[in-house]
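Participant:
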Amino acid sequence: MLAKRRTLSLAKRGFDFEIFMWLFVRLSALAMYLFALIGLVGALIMGARTQVNFADLMRWTFMPDSNHVLMNTTLNNIANLDVWVTLFWKIMGSLFVTFAAAHGLHGLLSVVEDYLKNSAVRRFLRYFVLVLTVVGIAIAIYVVWTK
Amino acid sequence: MEVTLKIFRYNPETDKKPSYKSYKLDANEMDRVLDLLEKVKGYQDGTLSFRRSCAHGICGSDAMRINGMNRLACKTLIRDVGTRVTVEPILGLPVLKDLIVDMEPFFDNFRSVKPWFITADPEPEKERYQSPEARARFDDTTKCILCACCTTSCPSFWGSEKYVGPAAIVAAHRFIFDDRDQAAAERLQILNEATGVHRCHTIFNCTMACPREIQITKAIGEVKMAISTGILD
Ligand code: FES
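Residue numbers (this note's numbering), protein chains in the order written: chain A, 1 to 147; chain B, 148 to 380.
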């Protein structure tokens, strides 16, 4: 006898903040590997092999903000500044910082949920971490776009 | 051979704080820790308190910390733990006396996941049939004896007893993956709250502690999967 598949629709089993963040934390980790790879390959295509020192290349890889390669003029020797400050890199930088901050600060939220017994303090810190995340991301994106 | 049992002692009526007392006994390497506790209580110190019932690893009464590991005293041989044995109550639950803890918070969590059969189907004449394959799906989690070894080995449970804990998730798993049961959605919703499966960080203490060798972390993973995908097969 072929057993029928048992599945529960999203509406039935509920889809809320907890499961959303549980999935987000896992998928954002994968996404960040991809972002880093794009940052690294992109930088090498833009001439980083001969024009950017290794430390700055790593900074750029893990956060493609043009400050990270353009400021260090004594060590870097960038031929074409414009390609490092394109719309594409601004979007990439914004995405990276959003994913990284949400991923990391959700870890802090987990610590709060894991170890605090007092529910009033827990609720306060829960909102505090959420506000911290939103404000942190907003500031970072502002920095990425105003240069 | 001579064995030294160092036992956690606490009587809330007379003691300000817990202490440890050592007892020396003559033992055989095939004796169980439970046998030695009985010897201490019978011949050396009648005030020693601990729970036990079946003495055969099936009632789950005598979970305790033996040399730092959660085990059943009735299933732990001296041969396996050596001649210096420290016995303490399981962690994360209030100690009532000596090795006896208050199990109520544990059972509250257990009850919260509705660990009973729920269906709206009319009662059949004889029984509700199930294929051997469908039964095998949740066989592992039927083995739980509610000793609390797993839940009280979990750092998330030590952090907050509001976390339902591995034992409750095992109990939920047993019904969620039972194809005759119809309340999987309800249970998944309960386990998707902040006090549910998301407090599990795959530490694996529970799997190591389980005297029934249930693959607990795997079962919790399957519940997480069911919450994410809705697939109950
Ligand atoms: S006394 Fe029953 S499980 Fe050990």
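Glycine residues also receive a C-beta, built at the ideal position from the N, C-alpha and C atoms.
Predicted, not measured: the structure shown is a model, and the values here were computed from it.
Measure how close the beta-carbons of A/L40 and A/T61 come, nearest whole angstrom, since I'm counting them as under 8 Å.
Facilitator: The pair is a contact, with the Cβ atoms about 4 Å apart (cut-off 8 Å).
Participant: If you measure from the CB of B/G312, is any heavy atom of the ligand FES nearer than 6 Å?
Facilitator: It does not: the Cβ of B/G312 is nowhere closer than 6 Å to a heavy atom of the ligand FES.
Participant: Let me check you understand the geometry: is the CB of B/A295 closer than 6 Å to at least one non-hydrogen atom of the ligand FES?
Facilitator: Flag unset: Cβ of B/A295 not near the ligand FES.
Participant: Do B/L183 and B/F197 have their CB atoms nearer than 7 Å?
Facilitator: Taking 7 Å as the Cβ cut-off, B/L183 and B/F197 do not qualify as a contacting pair.
Participant: For my contact list, A/A140 and A/V97 are in at a C-beta cut-off of 8 Å; report their separation, rounded to the angstrom.
Facilitator: With a Cβ gap of about 4 Å, A/A140 and A/V97 count as contacting.
Participant: Cβ closer than 9 Å: which chain B residues qualify as neighbours of A/G14?
Facilitator: A332, L335, Q336, N339, I374, listed in chain order.
Participant: Can you give me, in chain order, the residues of the region 300-323 of chain B that have a beta carbon less than 7 Å from any beta carbon in chain A?
Facilitator: Residues passing the 7 Å Cβ filter: S303, G306, S307.
Participant: Taking all protein chains shown into account, do 16 or more other C-beta atoms lie within 10 angstroms of the C-beta of B/A314, making it buried, or fewer, making it exposed?
Facilitator: So B/A314 counts as buried.
Participant: Would you kindly work out how many angstroms separate the C-alpha atoms of B/A97 and B/S166, rounded to a whole number?
Facilitator: The structure shown does not extend to residue 97 of chain B, since chain B is modelled only from 148 to 380, so the question has no answer here.
Participant: Around the Cβ of A/M92, are there at least 16 other Cβ atoms within 10 angstroms (buried) or fewer (exposed)?
Facilitator: It counts as buried.
Participant: Identify every residue that forms a DSSP beta bridge with B/I154.
Facilitator: Paired residue(s): B/K168, B/V234.
Participant: Report buried or exposed for B/E272, applying the criterion of at least 16 other Cβ atoms within 10 angstroms of its Cβ.
Facilitator: Under this definition B/E272 is an exposed residue.
Participant: Of all the CB atoms in chain B, is at least one closer than 7 Å to the CB of A/K90?
Facilitator: It does not; no Cβ of chain B falls within 7 Å.
Participant: Using beta carbons (cut-off 7 Å, strictly below), is A/W22 in contact with chain B?
Facilitator: By this cut-off, A/W22 is an interface position.
Participant: Are the C-beta of B/H345 and some C-beta of chain A separated by less than 7 Å?
Facilitator: Closer than 7 Å to some Cβ of chain A, the Cβ of B/H345 qualifies, so yes.
Participant: Which residues in chain B have a C-beta closer than 7 Å to the C-beta of A/R123? List them in chain order.
Facilitator: Here the premise fails: no neighbours, minimum Cβ distance about 10 Å.
Participant: Under a CB-based cut-off of 7 Å, is A/T7 close to chain B?
Facilitator: With 7 Å as the cut-off, A/T7 counts as an interface residue toward chain B.
Participant: Check this for me: beta carbons of B/V228 and B/I205, under 7 Å apart or not?
Facilitator: No, the pair does not count as a contact, with Cβ atoms beyond the cut-off.
Participant: Who are the neighbours of A/L10 on chain B, taking C-beta pairs under 9 Å?
Facilitator: Residues of chain B passing the Cβ test: G377.
Participant: Going along chain B in order, which residues have a C-beta closer than 7 Å to the C-beta of A/Y127?
Facilitator: Those do not exist, as A/Y127 stays about 13 Å from chain B at its closest Cβ, beyond 7 Å.
Participant: Could you work out which residue in B/E360, B/L240, B/R258, B/G306 is closest to B/M211 when comparing CA atoms only?
Facilitator: It is B/L240 whose Cα lies nearest to the Cα of B/M211.
Participant: For B/R321 and B/I265, I'd like the C-alpha separation in whole angstroms.
Facilitator: Going from the Cα of B/R321 to the Cα of B/I265 covers about 12 Å.
Participant: Distance cutoff 7 Å, beta carbons only. Does B/D255 sit that close to anything in chain A?
Facilitator: Cβ-Cβ to chain A under 7 Å: no for B/D255.
Participant: Express the C-alpha separation of A/L105 and A/V135 in angstroms, rounding to a whole number.
Facilitator: Their backbone Cα atoms lie some 12 Å apart in a straight line.
Participant: Are the region 306-313 of chain B and the region 337-349 of chain B in contact at 8 Å, needing three or more beta carbon pairs?
Facilitator: Contact holds: three or more Cβ-Cβ distances are below 8 Å.
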